[in-house]
Amino acid sequence: MTAPTLDQLDRQLIDILAHDARVSNRKIAADLGVTEGTVRGRIKRLQQDGLIAFTAITSLRLEDSVKLAIIGVQAEYARLRPIAEQIAAFPNVDAVMIAMGRFNILVVCLFSELDRLYALASDQILVIDGVHHVETSIAVKTVKYNSRVVRIAEAERVVDADGG
Amino acid sequence: MNDNFVLDEVDRAIVQQLRDNGRATNQQIAETLGLTAATVSSRIRRMEDANKLRVVAVSDFAAHGYNMLMQVAIEVDGRPATEVATELAELPEVFAAHLVTGRHDIDILIALHDSDELPDFLQHKLAPVRGIRTIVPSIVTDVLKYKFDVAPIEAREGE
Chain A
271 MTAPTLDQLD RQLIDILAHD ARVSNRKIAA DLGVTEGTVR GRIKRLQQDG
321 LIAFTAITSL RLEDSVKLAI IGVQAEYARL RPIAEQIAAF PNVDAVMIAM
371 GRFNILVVCL FSELDRLYAL ASDQILVIDG VHHVETSIAV KTVKYNSRVV
421 RIAEAERVVD ADGG
Chain B
-2 MNDNFVLDEV DRAIVQQLRD NGRATNQQIA ETLGLTAATV SSRIRRMEDA
48 NKLRVVAVSD FAAHGYNMLM QVAIEVDGRP ATEVATELAE LPEVFAAHLV
98 TGRHDIDILI ALHDSDELPD FLQHKLAPVR GIRTIVPSIV TDVLKYKFDV
148 APIEAREGE
């Protein structure tokens, strides 16, 4: 991915909105000493370039004892992409990355019951043609997690931003 | 502050609207759900005050100039894994650090500006952390899916 150039104002906008996305354009404009039109235009461009997205984050800690698991998948190299796409299509999977390392697909999922995790790893992923091996690690404690910096997938990119 | 309340159906419907568009106005959400804007506003504030909800802008790694993602599995020896993970978490390049079950003890997600930074990171940032026995890095070459709407929420500073 080519790195787009962000100026000081873009960074200030991202900082403000990363803290609270529901601040009005008017207040942002007043705080940064620019016009509302500038704020609206900048936000729209950042969204269109896939550099920011607005969302609601709910608490992992409080949501029905949800746990995070990382599933490493060793898949046949020639069919890596279609296999990864098949895994990404599962609704109970939260992240799918193609990687170079001991595993060539990394899967992240949130689960609340161990049975469900087992079912995902064994009955959904391991049975895919071309998947040779699956290894599951459960996060027993999360020491750091930056939920504000992410990879914005294509599907998230175009959301209308006229908030105000 | 009562942060033990359970989200009801109205709360969940509002959260869903905000997931679709975090910048939707209270009035827009109210119209969609058949509520008043005041109800929407107070429900959102209640969930935020209880640290159950944050409505935020998330930014792409690329927006910060990070073009290389790496996941590293770490095996620890001679030092509690929590201590090692806490020390790793202080590195700005580390975006997530989990203590995990399985073959390794710690799993971290690292973002670097480009591959030129890799040798320096491995030799001068990772290697000096006491207690690391082995590391198994995986370089992420493609991200097909990355959902980010459930996360640990800490209280906001100053609250």
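Order-wise, the sequence lines are chains A and B.
Read left to right, the first sequence gives residues 271 to 434 (the numbering used here).
Read left to right, the second sequence gives residues -2 to 156 (the numbering used here).
We put the beta carbon where it would ideally sit given N, CA and C, even for glycine.
Here B:Ile71 really is in contact with B:Asp102; their C-beta atoms are around 6 Å apart, less than 8 Å. Judged by DSSP secondary structure, B:Val133 falls outside any alpha helix (DSSP H) and instead within the beta strand (DSSP E) spanning Ile129 to Tyr143. For the region 397 to 426 of chain A, the set of residues with a beta-carbon nearer than 8 Å to any beta-carbon of chain B comprises Glu405, Thr406, Ser407, Ile408, Ala409, Val410, Lys411, Thr412, Val413, Lys414, Tyr415, Asn416, Ser417, Arg418, Val419, Val420, Arg421, Ile422 and Ala423, in chain order. The beta-carbon distance between B:Ile107 and B:Glu90, rounded to whole angstroms, is 5 Å. This is short enough to meet the 8 Å contact definition. If the five residues before and after A:Ala299 are omitted, its C-beta is found closer than 8 Å to the C-beta atoms of Thr305, Glu306, Thr308 and Val309, all from its own chain and listed in chain order.
When rounded, the separation of the alpha-carbon atoms in B:Ser135 and B:Leu141 is 16 Å.
With a contact defined as Cβ atoms closer than 8 Å, A:Lys414 and B:Ala78 miss out at about 14 Å.
Within the same chain, Ile286 and Leu287 come within 8 Å of A:Val293 by CB-CB distance, once the 5 residues on both sides are set aside. Under the three-state reduction of DSSP output, A:Glu405 falls in the strand class. Closer than 7 Å at the C-beta level to chain B, one finds these residues of the region 356 to 375 of chain A: Ala358, Val363, Asp364, Ala365, Val366, Met367, Ile368, Ala369, Met370, Gly371, Arg372 and Phe373. B:Ile136 belongs to the set of residues whose beta carbon lies under 8 Å from a beta carbon in chain A. The DSSP-derived three-state label of B:Leu109 is strand. Within the region 16 to 39 of chain B, the residues whose Cβ lies closer than 8 Å to any Cβ of chain A are, in chain order, Arg16, Asp17, Asn18, Gly19, Arg20, Ala21 and Thr22. Of the other Cβ atoms in all chains shown, 16 or more fall within 10 Å of the Cβ of A:Ala358; this residue is therefore buried. For A:Ile322, the chain B residues whose Cβ falls inside 9 Å of its Cβ are Ala54, Val55, Ser56, Asp57 and Ala60, in order along the chain.
A residue is called buried once 16 or more other Cβ atoms fall within 10 Å of its Cβ, and B:Gly75, having fewer, is exposed. Interface residue (Cβ-Cβ distance to chain A less than 8 Å): B:Gly99 is classified as such. Burial check for A:Arg281: the Cβ neighbour count within 10 Å stays below 16, so the residue is exposed. Here B:Arg20 carries a coil assignment [DSSP, helix/strand/coil]. Straight through space, the alpha carbons of B:Val55 and B:Leu15 are spaced by roughly 13 Å. The alpha-carbon of B:Val73 is positioned some 42 Å away from that of B:Asn18. Rounded to whole angstroms, A:Gln356 and B:Glu84 show a C-alpha spacing of 37 Å. A check of alpha carbon separations from B:Val69 across B:Phe118, B:Leu30 and B:Ala47 identifies B:Phe118 as the nearest. Shown here, B:Arg100 sits in coil according to DSSP, grouped into three states, outside any helix or strand.
For A:Ala326, the neighbours in chain B by C-beta distance under 7 Å run, in chain order, Val12, Leu15, Arg16, Gly19, Leu50, Val52 and Asp146. Collapsing the DSSP output to three states places B:Tyr63 in coil. Residue-level contact check: A:Arg292 touches chain B, since one or more beta carbons of chain B fall below 8 Å from its beta carbon. Boundaries for A:Thr308: no beta strand (DSSP E) harbours it, while the alpha helix (DSSP H) harbouring it runs Glu306 to Gln318, taken from the DSSP string.
Per DSSP, the continuous alpha helix (DSSP H) segment holding B:Leu85 begins and ends at Ala78 to Ala86. Under the Cβ criterion of 8 Å, B:Lys122 is not counted among the residues facing chain A.
By the beta-carbon neighbour count (other beta carbons within 10 angstroms, threshold 16), A:Leu384 is exposed. Here B:Ala60 is actually not in contact with A:Ile368; their C-beta atoms are around 22 Å apart, not less than 8 Å. By the neighbour-count criterion, in which 16 or more other beta carbons inside 10 Å mark a residue as buried, B:Gln24 falls on the exposed side. Straight-line spacing of the CA atoms in B:Lys49 and A:Ala348 works out to 43 Å.
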